[in-house]
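Some notes on the structure that comes next.
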Amino acid sequence: MSEIVPQTPNKPQYRPRGRPFAKGQSGNPAGRRRGCRNKATRAAEAYLDGEAETLARKAVELALAGNPLAM
Numbered sequence: 000m001s002e003i004v005p006q007t008p009n010k011p012q013y014r015p016r017g018r019p020f021a022k023g024q025s026g027n028p029a030g031r032r033r034g035c036r037n038k039a040t041r042a043a044e045a046y047l048d049g050e051a052e053t054l055a056r057k058a059v060e061l062a063l064a065g066n067p068l069a070m
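Take the sequence shown: its position 28, counting from 1, is numbered 27 in numbering that gives the first Met the number 0, and each next residue is one higher.
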């Protein structure tokens with residue numbers, strides 16, 4: 000006959016509670032460089048390149064005309 004062996008459930012590995020890093024240390028020491036732009040910001044700048052002055056002039060024109068959204 001086969002022997003019945005009780006199975007213990009495998010417990011998943013959890014991170015310890017509290018602070019995972021020592022005080023004063025970063026979890027990503029290399030990190031992102033200061034001044035580095037996000038992809039969305041770079042895309043918006045490329046899209047608006049050359050059009051910013053025209054858009055600003057139009058916004059001022061609408062604000063002077065009394066448009067509350069342009070103010």
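The beta-carbon is built from N, C-alpha and C at its ideal position, and this holds for glycine as well.
Sub-8 Å separation of alanine 64 and methionine 70 beta-carbons: no
What residue does the alpha helix (DSSP H) around lysine 22 start on, and which one ends it? Unbroken run through lysine 22: none, as it is neither H nor E.
Arginine 41: first and last residue of the uninterrupted alpha helix (DSSP H) it sits in: Here the alpha helix (DSSP H) through arginine 41 covers 38 to 47.
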